[in-house]
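Novice: Its first residue numbered -3, the sequence shown is counted upward by one per residue in my numbering.
By construction, the Cβ of each residue, glycine as well, lies at the ideal position given by its N, Cα and C atoms.
It should be emphasised that the depicted structure is a prediction, and the values quoted were computed from it without experimental measurement.
Would you mind keeping the following structure in view while I ask a few things?
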Amino acid sequence: MAASSKITVTAKLVLRLRDITAPTTNCSHSLIVPSSVTQRSITTAITSQKKKKKQKLAAAGLVKEKRRTRSDKEFDKEAILRYGDNPSHIPVMLAEVLDVFSSTCWRPLHSFVDCTLGAGGHSSAIINAHPELKFFVGMDVDPVAHEKAQARINSALHSDSYSSSPASDLKVYNFLKNFRHIKSAVSKIGEQHLDIGVDGILMDLGMSSMQVDNPQRGFGVLSNGPLDMRMDPQASLQAEDILNSWPSAEVGRILREYGEESNWRTLQNKIVEARLHGGLHSTSDLLDLIKLVSPPMKGGRQGWIKTATRVFQALRIAVNDELNTLKDSLNSCFECLAPGGRLAVISFHSLEDRIVKQTFLDMIKEKASNIDEGENCDNDLTEMRGGVEEKETWIKHTIHGSNGIILTKRPITPSGEEEKLNRRSRSAKLRVIQKH
Ligand SMILES: C[S@@+](CC[C@H](N)C(=O)[O-])C[C@H]1O[C@@H](n2cnc3c(N)ncnc32)[C@H](O)[C@@H]1O
């Protein structure tokens, strides 16, 4: 909508709302509506207009169908308490991940790589669920994550249920490494493992709660700290370097491409302008700048929080080179899989999910344009176990290619209950691929 027509719409709304809220008086020009009330009323009116528009589109059958499958798995609060640090850390879509690698419905899991150990929530649950596991490889660039994960994995190994299992004979190898180097990590535990391949690989992307909740790491929008944002504290590039010394056009590019921020040009100019006054050195400095340039009405009264979230996301992606790393690593992970092995990826924003979706299609050698609703769609991954047919009910639609099968034609998203209990899970998308 052009700026001028936006103003006209808002002005009309103000007028209409003034009619509604006007006290009984004859002199309309003397009407004074407190600005907070006016603003709230305008927001409500705009929301209800949007709702009406949605209803009209729905009635005309023009509403886009959601391209996802909401998990119908029951949310297991008890498991979350066992494998998470409620409320500071909760492994996202834990039950769904356990289903993907289930030895009851799929096959025994002898080797597993967790590319993103974090606090070890998923890892310890996988270890507990698979006494047949022989090799476990954990990776993370963050030493804090290793400390937490190691402790949790140790307690999983010493739990009564695990240690009493006659099959348990697990070797755990944890590497303080970027998952970009998964091949070298797997070969370090024995060259043969690269040849044989691993049965299961998990990537749970993004930041851990330990990182977000520590203001000194600079990830949190709502806490003051240094403009750091490195997941790997040994890495050289920090958010502060980008803001204070990257070329102006590059700053604009990351805001636009990695933050998908529509107001990127103004922000770019202000960030570069701030360099004339000593630059930005804390997350509060950056937030103050964002508040200054965020239109008060955009996205509601606290529109700046949404802008800040997008700006922080852009910086974090750039600092950690997240998208390039993800693309390269997905291919390396697929190469590391044994025939029939599975790779599961949980992503948290559309840029990541797009990469996972497209790379999976490239990996199985299938073109996105060839895939329509209904085509290549089935759930024929039924296993026979002891004469009993076991169906993996979480698999709804698949895409078959020459190198593998995408087991989630549409990504799986958390159950409504999980979303309610863990806000961070709301944007999670789980995609799974199986190698031929
Ligand atoms: C969402 S957390 C994982 C949480 C974990 N699944 C759990 O249950 O506790 C993501 C972790 O991945 C790590 N990470 C992100 N990018 C990485 C990369 N390229 N290589 C290795 N670790 C990475 C982060 O440091 C963070 O600890």
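Have a look at ASN124 and ALA147 and give me their C-alpha separation to the nearest angstrom.
Specialist: If you take the alpha carbons of ASN124 and ALA147, they lie about 14 angstroms apart.
Novice: To the nearest whole angstrom, what separates the beta carbons of GLY114 and ALA145, a pair I think is in contact under 8 angstroms?
Specialist: Their Cβ separation, rounded to whole angstroms, is 7 angstroms, which keeps GLY114 and ALA145 in contact under 8 angstroms.
Novice: With hydrogens ignored, establish whether the beta-carbon of ASN170 is closer than 7 angstroms to any heavy atom of ligand 1.
Specialist: Not so, every heavy atom of ligand 1 lies at least 7 angstroms from the Cβ.
Novice: Return yes when at least one heavy atom of ligand 1 lies under 7 angstroms from the C-beta of THR409, else no.
Specialist: No - ligand 1 has no heavy atom lying nearer than 7 angstroms to the Cβ of THR409.
Novice: Does the beta-carbon distance from ILE238 to LEU311 come in below 8 angstroms?
Specialist: In this structure, LEU311 lies closer than 8 angstroms to ILE238 by Cβ.
Novice: Starting from TYR158, follow the beta strand (DSSP E) in both directions and report where the run begins and ends.
Specialist: Here TYR158 belongs to no beta strand (DSSP E); instead the alpha helix (DSSP H) covers 156 to 159.
Novice: What does the alpha-carbon distance come out to for the pair TYR79 and GLY117?
Specialist: Each residue's alpha carbon lies about 5 angstroms from the other.
Novice: Could you tell me which residues DSSP pairs with ARG66 in its beta bridges?
Specialist: Note: ARG66 sits in a beta bridge opposite THR409.
Novice: Taking the straight line between their C-alpha atoms, what separation do you get for GLY337 and MET199?
Specialist: So the alpha carbons of these two residues sit roughly 14 angstroms apart.
Novice: From this set, PRO127, SER290, GLY221 and LEU276, which residue's C-alpha is nearest SER161's C-alpha?
Specialist: Measuring from the Cα of SER161, the nearest candidate turns out to be PRO127.
Novice: Within the present structure, is the beta-carbon of ASN174 separated from the nearest heavy atom of ligand 1 by less than 7 angstroms?
Specialist: Under cutoff, so the answer is yes.
Novice: Compute the minimum distance between the beta carbon of PRO87 and the heavy atoms of ligand 1, and state whether it is under 7 angstroms.
Specialist: Because some heavy atom of ligand 1 lies under 7 angstroms away, the Cβ of PRO87 counts as near it: yes.
Novice: With distance defined between alpha-carbon atoms, name the residue in GLU331, THR303 and ALA121 nearest to LEU218.
Specialist: LEU218 has its Cα closest to that of THR303, out of GLU331, THR303 and ALA121.
Novice: Kindly give me the distance between the Cβ atoms of SER107 and HIS177, rounded to whole angstroms, as I take these residues to be in contact under 8 angstroms.
Specialist: About 17 angstroms; that fails the 8 angstroms criterion.
Novice: I need the DSSP call for ARG103, collapsed to helix, strand or coil.
Specialist: Three-state result, ARG103: coil.
Novice: Which of the three DSSP states, helix, strand or coil, is assigned to ILE395?
Specialist: ILE395: strand per DSSP, three-state reduction.
Novice: For MET206, I'd like the list of residues in its chain whose CB is within less than 6 angstroms of its CB, leaving aside the five on either flank, ordered along the chain.
Specialist: Once the five neighbours on either side are set aside, the close Cβ partners of MET206 are VAL140.
Novice: Cβ-heavy atom distance between ARG135 and ligand 1 below 7 angstroms?
Specialist: The question names Arg, but residue 135 is Met in the sequence shown. Yes, Cβ of MET135 sits closer than 7 angstroms to a heavy atom of ligand 1.
Novice: LEU166 and GLU348 - do their beta-carbons sit closer together than 8 angstroms?
Specialist: The answer is no: Cβ separation not under 8 angstroms.
Novice: Could you say if the stretch 311 to 323 and the stretch 246 to 262 meet the contact criterion of at least three C-beta pairs nearer than 8 angstroms?
Specialist: Yes, since at least three Cβ pairs between the stretch 311 to 323 and the stretch 246 to 262 fall closer than 8 angstroms, the two stretches touch.
Novice: According to DSSP, which residues form a beta bridge with PRO222?
Specialist: SER278, per the DSSP bridge assignment.
Novice: Which runs of the beta strand (DSSP E), 3 residues or longer, sit entirely within the stretch 229 to 272?
Specialist: Whole beta strand (DSSP E) segments, 3+ residues: zero.
Novice: Please list the terminal residues of the continuous beta strand (DSSP E) segment that includes ALA340.
Specialist: Counting along the chain, the beta strand (DSSP E) containing ALA340 begins and ends at 333 to 343.
Novice: Do LEU251 and VAL315 have their CB atoms nearer than 8 angstroms?
Specialist: No, Cβ-Cβ distance for LEU251 and VAL315 is not below 8 angstroms.
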